[in-house]
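Asks:
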Amino acid sequence: MANSLTRFWGQGSLQKHVVQTGLRGFSSQQNPEVEEEEEFRVLSLRTVKQQFQKRREVKKDPVTPPRSNRMAVDQDWTAAWPGPRSFHPASVPLPLRQGFTERGAAAPSKFANAELMKIPNFLHLTPPAIRQQCEALKKFCTPWPKGLETEAKWQRHFPVEVITTDYLQALPTIRNPEARRVTVSLKLSDLKFDAHARDKFLRLVGDRYDKDTDILTFVTDRCPLRKQNYDYALYLLTACYHESFVTEPWEATKSEADMEVYLFGRNKSKLSAEEILNWNAAEGAPKVEPSPSYGQSVEQLINEGENEYNLTKYKEEVKKMLNIASQ
Amino acid sequence: MKMIRNRLAVQLQRHVLQMSMSTNAAAAAAPAEGAAISEFRTAVTNPGEHSALQVAKFYTIPAEQKKQIFAGGGLPKQYEQQIKTFTEACLMVRNPALEVLEYIKKADLSKPVVRYLLYGENGTGKTLTMAHVLHYGALNDFLLVHVPWAPNWMKRPKEASNAAGQEGMIDLPFDAAAWLVHFKGQNSKLLQRLELKTSKEYVWSKRESTPAGSTLLELVEHGIARIKYASETTAALISELKLLSTAGKCKVMVAIDGYNAFFHPVTRIFSDNKQRVTPDKITLTHPFLNITRYDWTNGVCILSVDKIAMTEGHMDSYMPRYLLGTEGFEHLDPFVPIHVENYSDKEFHSYISYYLDRHWINKTPQGFEEQLKFMSNKNPYALMQLVRAL
Amino acid sequence: MSFLTRIVGKSTSFSGIRLMSVYPQHYVEPIVQKDKQIEQKDELTKLHHIPIKAALNKSSDTVFHDDTKEKLLNYITKKGNSALARTLLSKAFELIKRTQTERLNLAKGDKDKVITNAEVLLKQAVENCRPLLQVTAIKRGGVTYQVPVPITTKRSYFLAMKWLLEAAREKERKVSLPEKLAWEILDAAHGQGRVVKRKDDLHRQCEANRAYAHYRWS
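Chains as they are written, first to last, in UniProt numbering: chain F, 1 to 327; chain W, 1 to 390; chain E, 1 to 218.
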């Protein structure tokens with residue numbers, strides 16, 4: 001207030017009156033001073049230095065040297081940095097540098113460095129800190145079950161993996177709609193199928209099966225509660241599994257054109273090969289079957305598509321079957 | 001002016017001399033007729049005696065044998081031209097042919113017929129491989145059932161008419177008769193010697209019939225004379241051949257070039273209702289499909305599948321199953337696929353030597369062989385095209 | 001004849017220097033052919049500090065390249081379709097070679113006389129067809145005279161090839177160009193045929209009109 005007042009004094013007399021009235025309006029403290037001045041008005045054409053009031057010096061505390069200077073080399077770091085906190089240069093006794101400079105110059109040091117403060121740090125999660133916390137938590141834990149020491153073991157005993165997520169959030173409600181989502185996954189090789197059932201199962205689950213990793217995944221979120229979704233996922237798995245073993249009567253009418261893969265056993269190739277092998281065989285003599293490797297080579301040729309490798313293999317098998325002299 | 005002329009003439013002569021010297025130098029290895037045989041030739045003219053020793057060497061087919069076997073086709077047109085230009089019918093002994101020959105020589109003829117299928121890129125020599133094997137067959141008392149280029153029937157038949165007996169079938173009388181002529185030309189000597197008889201009576205019409213016990217030659221001649229019945233005669237002839245060879249009275253070699261044409265989705269022949277017919281609607285297809293089945297003995301089948309036997313849109317791959325289609329593959333399976341590849345380095349060099357010997361390549365600057373090798377990728381047909389203007 | 005020689009002597013004095021060339025005169029021609037480079041290795045070392053012209057776009061060192069052939073190709077080409085021209089010419093060459101090779105293989109003895117190299121034959125044909133003079137119409141005193149004038153070497157080659165091609169194009173519709181061209185080249189190479197006759201006719205006309213020769217300059 002005092003400052004503003006002096007500034008007003010410096011200006012022309014025209015405005016003074018207005019200022020005075022204005023001052024009167026809201027500041028009764030100043031009244032005696034004003035009245036004092038009215039007693040003897042000195043004409044001052046120039047501003048005189050004495051009229052200025054000395055600006056009050058802002059007292060600054062002396063900058064203390066950074067705490068890190070005083071830190072012992074073998075101090076307990078978990079005490080110095082106990083929890084998550086954004087970076088503080090004086091507390092971290094590391095010569096860190098971060099940020100962009102012109103070419104050739106050193107990166108800015110850690111003091112007053114916003115770059116370092118912006119990025120998340122994990123200084124509270126040092127191995128000793130974690131070890132300490134684990135030690136503290138240990139008394140609440142049960143021992144690790146026997147027989148599940150390795151990953152292979154626990155995967156054998158618990159093939160189904162269930163993933164749910166809990167959310168902590170700053171909302172009026174503690175419920176997050178995403179929390180109800182349940183993901184159930186397992187390896188398909190853990191389920192036992194025959195050829196038909198496997199084919200049907202894969203058709204039933206559609207793109208929930210990943211061929212590359214052999215993992216089947218159900219994600220359920222249609223029910224409001226997590227429990228319901230979990231039950232539903234397990235129900236889906238069970239239902240699909242058992243349904244895949246059901247053979248419908250119309251499946252018997254599947255013709256060659258409907259086949260997804262070529263099967264040697266149900267094609268003319270097998271008949272031809274059999275007839276050739278049993279040419280002029282005596283009545284009632286045991287039937288000679290074409291070798292399975294020949295069947296495989298035909299299947300490979302047709303299912304994998306033609307290439308020199310498959311064709312050469314087919315040729316070798318044919319030569320073996322027909323007893324043709326090899327070169 | 002005379003002086004200038006003279007100078008020019010001298011220059012020219014020198015040039016010509018240089019050229020002829022270079023060709024002579026290249027052909028120096030090739031001696032005059034009657035002298036020691038050159039490196040790229042072999043004196044073994046019997047394909048039965050060819051072995052790995054003769055690989056990449058040329059053997060000459062005697063003129064009268066060439067006339068007997070290939071008079072009605074069987075060599076590519078450009079190769080025929082080359083034979084005429086070089087005044088000798090030379091074939092290179094190559095691995096695929098040797099492979100087939102070895103199989104045939106060691107084959108147990110009492111077993112069902114084995115089908116050998118030649119396949120390979122365009123212009124690698126499938127037809128010539130077949131020609132080599134045919135030569136062997138002709139010399140070893142095989143009756144030749146040879147179709148020089150099956151797609152001709154599907155793509156450019158001489159005449160198409162409705163078949164008399166069968167509903168919805170198409171006859172190719174002229175082509176069938178031409179094939180009978182070809183058959184007769186190839187086999188007349190052998191047929192006369194073997195005296196093969198028909199097993200049953202064939203009734204062509206009310207008045208015409210071929211009685212049981214008449215010779216096959218009579219049957220063939222009837223077909224040639226009565227073109228209308230040529231297709232039926234072909235069918236009869238082929239079923240007779242199957243019976244006779246199964247009975248052990250003769251050996252049969254079937255060679256069909258462009259065999260995949262029989263399984264092509266469509267032909268260029270139109271039926272009465274202006275629709276393209278499929279190959280199985282053509283009467284001529286069936287006898288040749290019949291003889292490539294495995295249900296007879298005492299014979300061999302050499303077939304070839306070719307990209308250019310197909311039409312646009314069906315020529316993506318040279319692999320046998322693609323070209324034969326599902327149906328054709330089922331018909332042939334199990335067959336022995338034989339890959340006819342581009343020239344090996346040795347074969348390529350041998351061919352270049354042959355061209356030089358025949359004065360077909362006249363420019364021999366340094367590294368010309370490398371250039372040709374690079375440009376042609378050692379593909380026989382491409383090489384033939386490249387050297388034609390050299 | 002002496003008259004013709006005299007004029008030819010003059011015609012050869014036309015210098016080959018192109019005044020409007022991009023290259024200054026001290027630039028030397030490049031040698032594209034590898035075998036020639038190897039052949040002239042010693043001479044080429046002298047050229048270390050002499051600038052060399054860039055090789056032409058069309059120049060090449062393959063077996064398939066020949067300068068006369070390339071020139072003829074340019075004349076055959078219609079509407080820029082040089083791919084077609086190339087196939088036509090190579091077909092013509094093939095035919096020439098077929099005829100000659102067959103002749104060679106059937107010949108009894110004296111085989112060296114038959115030339116099977118189509119390029120050599122083409123060169124021979126072009127040489128045989130080259131005119132030395134041509135006539136040009138010059139008007140003096142209201143009368144047009146056909147005056148014999150000398151021609152440059154380059155033009156003589158051009159005329160020879162042009163005539164060969166014209167003769168080949170003058171044919172029945174059923175005969176293909178390669179076929180006719182092959183005949184003409186073979187004929188001309190042996191000093192016979194219509195093109196050689198055409199050249200001789202021109203020469204005869206020049207000889208007959210020798211009296212008008214002075215109209216060239218007066």
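Think of the CB as a built atom: it goes at the ideal place given N, C-alpha and C, for glycine as much as any other residue. Note that the structure is predicted; figures quoted are calculated from it, not measured.
With DSSP collapsed to three states, give me the class of glutamine 133 of chain F.
Replies: helix
Asks: Tell me the rounded alpha-carbon separation between alanine 189 of chain E and leucine 372 of chain W.
Replies: Cα to Cα, alanine 189 of chain E sits roughly 28 Å from leucine 372 of chain W.
Asks: Quick one: residues in its chain with C-beta nearer than 6 Å to the C-beta of leucine 390 of chain W, no 5 flanking neighbours on either side, listed in chain order?
Replies: These residues qualify, in order along the chain: Ile361, Lys363.
Asks: Looking only at its own chain, which residues have a Cβ that is under 6 Å from the Cβ of valine 203 of chain W, when we skip the five neighbours before and after it?
Replies: Ser209
Asks: Sort E/Thr87, E/Pro30, E/Gln124, E/Thr152 by Cα distance to leucine 73 of chain E and report the nearest one.
Replies: E/Thr87
Asks: Check the Cβ-Cβ distances between proline 365 of chain W and every residue of chain E, and say whether any is below 9 Å.
Replies: yes
Asks: Straight-line CA distance for proline 95 of chain F to serine 68 of chain F?
Replies: 10 Å
Asks: Name, in chain order, the residues that DSSP records as bridge partners for threonine 136 of chain E.
Replies: E/Val147
Asks: If you draw a straight line from the alpha carbon of arginine 14 of chain W to that of asparagine 379 of chain W, how long is it in whole angstroms?
Replies: In this prediction, arginine 14 of chain W scores a pLDDT of 43, lower than 50, which makes its location untrustworthy; no coordinate-derived value is stated.
Asks: Give a yes or no on whether the minimum CB-CB distance between leucine 177 of chain E and chain W is below 9 Å.
Replies: no
Asks: What residues match up with threonine 60 of chain W in a beta bridge as DSSP calls it?
Replies: Note: threonine 60 of chain W sits in a beta bridge opposite W/Cys90.
Asks: Find the nearest neighbour of leucine 144 of chain W within the set W/Leu237, W/Thr215, W/Thr124, judged by alpha-carbon distance.
Replies: W/Leu237
Asks: Under 7 Å, CB to CB, which of the residues in the segment 242-263 of chain W have a partner in chain F?
Replies: Within the segment 242-263 of chain W, contact with chain F at the beta-carbon level (separation under 7 Å) is assigned to no residue.
Asks: Under the three-state reduction of DSSP, which class applies to cysteine 223 of chain F: helix, strand or coil?
Replies: coil
Asks: Using the Cα positions of phenylalanine 158 of chain E and serine 218 of chain E, report the straight-line distance between them to the nearest angstrom.
Replies: 28 Å
Asks: Please tell me whether valine 252 of chain W and isoleucine 291 of chain W are closer than 9 Å, where the distance is taken between their beta carbons.
Replies: yes
Asks: By DSSP's criteria, alanine 255 of chain W is part of a beta bridge. Which residues make up the other side?
Replies: Among the bridge pairs identified by DSSP, alanine 255 of chain W is matched with W/His146, W/Ile302.
Asks: Do we get a CB-CB distance below 9 Å when we pair isoleucine 338 of chain W with the residues of chain F?
Replies: yes
Asks: Taking C-beta pairs closer than 9 Å, name the residues in chain E that histidine 359 of chain W reaches, listed in chain order.
Replies: Lys97, Gln100, Thr101, Leu104, Asn105, Lys111, Val114, Thr116, Asn117
Asks: Residues of the segment 268-292 of chain W in Cβ contact with chain E at a cutoff of 7 Å, in chain order, please.
Replies: none
Asks: Expressed to the nearest angstrom, what Euclidean distance is found between the alpha-carbon atoms of alanine 252 of chain F and arginine 198 of chain F?
Replies: 17 Å
Asks: Can you tell me where the alpha helix (DSSP H) with leucine 190 of chain W in it begins and where it stops?
Replies: Where leucine 190 of chain W is concerned, the enclosing alpha helix (DSSP H) stretches over 173-194.
Asks: Kindly identify the DSSP beta-bridge partner or partners of asparagine 162 of chain W.
Replies: W/Ile170
Asks: DSSP three-state call for lysine 54 of chain F: helix, strand or coil?
Replies: Look at lysine 54 of chain F here: in three-state DSSP terms it is coil, with no helix or strand label.
Asks: With DSSP collapsed to three states, give me the class of threonine 233 of chain W.
Replies: helix
Asks: Given this structure, state the Cα-to-Cα distance separating alanine 25 of chain W from tyrosine 351 of chain W, to the nearest angstrom.
Replies: Here alanine 25 of chain W scores only 39 on pLDDT, less than 50, and its place in the model is too uncertain to base an answer on.
Asks: Can you tell me whether aspartate 210 of chain F is helix, strand or coil according to DSSP?
Replies: The answer is strand: DSSP assigns aspartate 210 of chain F an E or B state.
Asks: Name the residue from E/His49, E/Val32, E/Lys69 whose alpha carbon lies nearest to the alpha carbon of leucine 56 of chain E.
Replies: E/Val32
Asks: Can you give, in chain order, each stretch of the alpha helix (DSSP H) that sits fully within the segment 98-151 of chain W and has at least 4 residues?
Replies: 126-139
Asks: To the nearest angstrom, how far is it from the Cα of methionine 375 of chain W to the Cα of methionine 384 of chain W?
Replies: 11 Å
Asks: Could you name the residues of chain E that asparagine 362 of chain W contacts, counting a contact when the two beta carbons are closer than 9 Å?
Replies: Simply Lys97, Ile115, Thr116, Asn117, Ala118, Glu119, Val120.
Asks: Can you check the UniProt domain "Small ribosomal subunit protein uS7" (59-210) of chain E for any beta strand (DSSP E) of at least 3 residues that lies completely inside it and give the ranges in chain order?
Replies: 133-140, 143-150
Asks: With which residues is proline 76 of chain W paired in a DSSP beta bridge?
Replies: Answer is none; proline 76 of chain W lacks a bridge partner.
Asks: In the structure shown, what three-state DSSP assignment does proline 211 of chain W receive?
Replies: coil
Asks: Identify which residue in W/Val266, W/Asn273, W/Leu91, W/Leu190 has its Cα closest to the Cα of methionine 310 of chain W.
Replies: W/Val266
Asks: When you compare the CB positions of proline 157 of chain W and phenylalanine 183 of chain W, do they come within less than 9 Å of one another, or not?
Replies: no
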